[in-house]
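Residue numbers (UniProt numbering): 1 to 497. Each residue gets a CB set at the ideal place from its N, CA and C atoms; glycine is no exception. One structure is given here, and the rest of the page talks about it.
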């Protein structure tokens with residue numbers, strides 16, 4: 001039992017450290033928001049929606065029309081900006097949970113959103129268009145898409161437009177993915193912003209999709225989006241936008257990106273778009289190699305190591321509790337294992353990041369991912385460790401007891417060394433799965449390896465080479481880790497009778 005108490009103490013210590021870190025982070029955020037200092041404003045954006053928000057192919061820096069607008073607003077309002085990148089469908093949950101303070105991502109104003117959020121004055125006016133594969137003569141208006149399959153971001157305004165027209169929605173994260181599904185014939189139509197579509201056509205040179213009609217006659221208005229409890233931020237943004245419109249800054253940014261002023265309602269037709277990625281596929285892959293490697297080294301590997309270490313401690317404690325003859329000790333372990341194995345890891349990540357945030361426990365992205373992944377590893381590895389312990393011959397327990405060994409000494413000297421050797425193969429599989437599962441952390445704002453690949457693929461539409469390159473990174477890491485399994489088995493084999 002001494003061994004169990006030590007393991008339990010390690011878990012408690014880990015939680016205390018995490019709590020102190022989180023408390024410190026919250027205190028820092030409050031200090032940063034102090035009226036006496038520049039206000040730190042966290043901006044939620046995709047980073048994969050050119051020309052509005054994307055990564056520059058040459059510098060990998062976040063840029064785009066919306067990014068330049070929010071930076072200009074920040075200069076006028078005296079804000080310090082912190083950008084938080086996430087898939088579009090995760091941006092509104094991040095705003096609701098207090099992870100970001102404002103969204104700058106071409107958010108179209110509609111009645112449903114106005115009932116829940118605050119909007120700044122519009123800074124973009126655009127129209128929706130219908131896009132199909134080239135040569136499709138069956139679709140020209142919204143009436144024609146009834147019963148067809150449309151690729152849209154689930155929470156976007158265009159998804160609702162397509163749904164209201166009778167289309168069946170297939171959810172994607174970005175327009176480039178939707179366009180690729182059109183080319184492959186997996187969906188029938190896409191409804192989106194005319195500027196975004198024109199940028200895609202200009203940047204890729206694609207003649208495999210085309211604009212076939214307008215998605216209604218209404219002009220869309222895009223604005224910065226705030227929570228209902230942020231009227232002060234909204235007012236500061238409105239004042240800044242008014243000054244930027246008066247001095248011509250907004251018009252200048254628009255001319256730079258579109259060759260026209262899309263910040264006024266009667267804007268001329270967009271003449272051109274910027275942000276185009278005209279590099280060849282090998283150049284795109286070479287340019288993405290370092291950001292992807294950085295994501296691997298800074299986020300994927302540390303997240304894997306920390307989550308696996310904490311998860312093993314949780315697994316050992318849970319396995320010993322699961323084997324206890326005391327039902328009060330055994331029951332929580334059973335419930336924990338059942339809950340972890342009976343729910344998807346992605347749901348666990350959402351609960352740790354968005355769910356806890358809504359009840360006042362705001363955990364930063366990396367610790368939240370570590371929490372969910374550690375608990376997941378602990379639930380699965382607990383049964384592996386329990387099975388390994390039960391695989392040690394019963395006669396060895398009896399022999400050790402006969403010579404006077406107490407339970408803690410018996411476990412430390414006889415059982416656990418042999419169980420460790422038995423558990424190595426299945427635990428190695430758990431570790432390899434964890435390395436790959438860290439890719440899911442991208443949906444809770446962790447800029448790990450896969451997220452960097454998505455950032456690079458968005459402006460270039462080179463999905464196959466970039467995702468294959470990301471897969472190569474994962475495979476190399478898993479191959480190296482797997483090579484350590486056999487030497488570890490040999491080393492631990494000396495303890496096996």
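Assignment of beta-bridge partners to residue 118 by DSSP yields 226.
Only buried fits residue 99, as 16 or more other CB atoms lie within 10 angstroms of its CB. In this structure, residue 189 lies away from residue 181, with their beta-carbon atoms at least 7 Å apart. Judged by DSSP in its simplified three-state form, residue 325 adopts coil rather than helix or strand. In the DSSP assignment, residue 106 falls outside any alpha helix (DSSP H) and lies within the beta strand (DSSP E) extending over 102-108.
At the C-beta level, residue 427 and residue 384 come within 7 Å of one another. Beta-bridge partners assigned by DSSP to residue 171: 152. Three or more pairs of CB atoms, one per stretch, sit closer than 8 Å, so the stretch 440-450 contacts the stretch 465-485. Around the beta carbon of residue 326, fewer than 16 other beta carbons lie within 10 angstroms, which makes this residue exposed.
Beta bridge pairing from DSSP links residue 290 with no other residue. Counting along the chain, residue 472 sits inside the alpha helix (DSSP H) bounded by residues 463-483.
When the beta-carbon positions are compared, residue 52 and residue 44 stay at least 7 Å from each other.
Within the stretch 119-146, the complete beta strand (DSSP E) segments of 3 residues or longer fall at 124-126 and 128-133, listed in chain order. Secondary structure note for residue 61: it is in no alpha helix (DSSP H), with a DSSP letter that is neither H nor E. Exclusion of the five residues before and after residue 154 leaves 89 and 171 as the residues of its chain whose Cβ lies within less than 6 Å of its Cβ. Per DSSP, residue 209 is one residue of the beta strand (DSSP E) stretching across 209-214. Going by C-alpha positions, residue 113 is about 42 Å away from residue 332. Annotation for residue 355: no alpha helix (DSSP H) segment contains it, and DSSP assigns it neither H nor E.
Residue state for residue 318 is assigned as helix, using DSSP reduced to three classes.
Under the three-state reduction of DSSP output, residue 40 falls in the strand class. Per DSSP, residue 375 is one residue of the alpha helix (DSSP H) stretching across 365-391. Note: residue 192 is bridge-paired with 129 in the DSSP secondary-structure output. Beta-bridge analysis with DSSP links residue 45 to 85. Look at the beta carbons and you see the stretch 430-447 touching the stretch 297-315: at least three pairs across the two are nearer than 8 Å. Secondary structure of residue 54 (DSSP, three-state): strand. By the Cβ neighbour-count rule, residue 412 is exposed, with fewer than 16 other Cβ atoms within 10 Å of its own.
Taken atom to atom, the span from the alpha-carbon of residue 224 to that of residue 120 is near 5 Å.
Here the C-alpha atom of residue 313 lies approximately 14 Å from the C-alpha atom of residue 431. A Cβ-Cβ distance of about 17 Å is found for the pair residue 422 and residue 400, leaving them out of contact under the 8 Å criterion. Residue 395: member of the alpha helix (DSSP H) spanning 394-402, first to last residue. DSSP lists 40 as the bridge partner or partners of residue 80.
With 16 or more other Cβ atoms inside 10 Å of its own Cβ, residue 263 counts as buried.
By the Cβ criterion, the stretch 78-85 is not in contact with the stretch 482-491, since fewer than three pairs of Cβ atoms, one from each stretch, lie closer than 8 Å. The Cβ neighbour count for residue 138, taken over all protein chains shown within 10 Å, is under 16; the residue is labelled exposed.
Within the same chain, and ignoring the five residues on either side of residue 163 in sequence, the residues whose Cβ sits closer than 7 Å to its Cβ are 169.
The Cβ atoms of residue 304 and residue 434 sit closer than 7 Å to each other.
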